Amino acid sequence: MAQELPSDIIAGISFVGRSGGAVKTLAGFRKGHHTVPDAANAVTQAFLGKICAAELGDETEDLFQRARTGLGYKRKDLGLSLTPPTAVLSAKDFTVDVGYALDESDPSRYVVTRTLHSLRSAELARTEEFTALFAGAFSEISFGLKKGARVEAVIDLIEQLDGEGGLAVDYPADCRECLIRVTGVGAAVRCTGAALEMVFPRAGSPAELMAEFAAVRGAFAVSRELAGLIG
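Plus 264 on top of the position in the sequence shown (first one is 1) and you've got our numbering.
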């Protein structure tokens with residue numbers, strides 16, 4: 265997938281999906297014996313690692329088997345490393361990281377983050393088999409920027425356009441990041457300086473997310489400087 269974007273600008277692409285739930289619903293949580301965390305720290309994160317092992321193992325084993333059969337991988341093409349609260353599925357064409365963590369804003373809940381990266385083939389991502397494997401799995405794309413971008417400069421470029429190309433931007437007073445919106449596109453683009461992150465209102469497969477990214481890329485073309493951020 266990264267081959268379709270300029271390698272001198274984009275360091276790498278990741279697809280991210282998130283879900284979560286109440287800590288007390290995890291299989292390893294024993295009511296009457298365990299207490300729900302009231303803080304997110306090293307001790308409570310280690311506790312989460314113990315009680316989420318069953319869910320993490322079941323999910324990643326299922327992904328391993330579906331990748332093996334759906335994509336026709338042999339034993340040496342695919343591996344699974346399970347070290348709760350994280351797991352890594354390493355395939356010859358991609359890698360998937362799955363991690364559990366306590367929600368820092370509400371430690372009684374956990375967040376699961378799934379990240380697909382190191383995808384070597386755009387053609388593979390567009391196949392029916394790959395789409396089926398990751399259907400509805402991801403709601404964000406992150407583009408790492410090799411040289412970075414000044415958030416203030418991005419904001420100024422969009423404000424100078426004054427709505428041309430359907431672009432609008434929001435940002436906090438300290439300009440640590442900005443949120444770019446494109447008329448007619450459901451996804452928003454978050455620029456942090458080190459990366460551009462597209463956040464979608466609905467989860468989809470990598471191919472579906474990249475198709476909507478194309479609309480944002482087209483909108484950025486209204487400005488040569490903006491277009492330079494993502495080729």
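Where a beta carbon is used, it is the ideal one built from N, C-alpha and C, also for glycine.
Bear in mind the structure is a predicted one, so any value in this text is a computation, not a measurement.
For LYS295, write down the residues that DSSP places opposite it in a beta bridge. Residue numbering aside, residue 295 sits at position 31 when the sequence shown is read from its first letter. For LYS295, which the question treats as bridged, DSSP gives the partners HIS298.
Cβ pair SER283, PHE398 closer than 8 Å: Mapped onto the sequence shown, residue 283 falls at position 19. Mapped onto the sequence shown, residue 398 falls at position 134. No.
ASP434 by DSSP, collapsed to three states: which one? Translated into positions along the sequence shown, residue 434 becomes position 170. It is a strand residue.
Would you kindly check if the distance between the Cβ of LEU342 and the Cβ of ARG332 is under 8 Å? To locate residue 332, count along the sequence shown from 1; it is residue 68. To locate residue 342, count along the sequence shown from 1; it is residue 78. Cβ atoms of ARG332 and LEU342: closer than 8 Å.
In chain order, what residues of the same chain lie with their CB nearer than 6 Å to the CB of THR350, ignoring the 5 residues before and after it? Here residue 350 refers to the residue found at position 86 of the sequence shown. Answer for THR350: GLY363, listed in chain order.
Would you list the residues sitting across from CYS455 in a DSSP beta bridge? Locating residue 455 in the sequence shown gives position 191, where the first residue counts as 1. Answer is CYS442 and LEU460, bridged to CYS455.
Can GLY321 and LEU290 be called in contact, C-beta distance under 8 Å? On the sequence shown, position 57 is the one that residue 321 refers to. On the sequence shown, position 26 is the one that residue 290 refers to. Taking 8 Å as the Cβ cut-off, GLY321 and LEU290 do not qualify as a contacting pair.
Residues in its own chain within less than 7 Å of LEU425 by CB, not counting five upstream and five downstream? Within the sequence shown, numbered from 1, the residue matching residue 425 stands at position 161. Cβ neighbours of LEU425 beyond the five flanking positions: LEU431, VAL486 and SER487.
Option in GLY334, GLY336, LEU335 and VAL360 with minimal Cα separation from ALA344: Numbered from its first residue, the sequence shown carries residue 344 at position 80. In the sequence under discussion, the amino acid at residue 344 is Leu, which differs from the Ala named in the question. The candidate whose alpha carbon is nearest that of LEU344 is VAL360.
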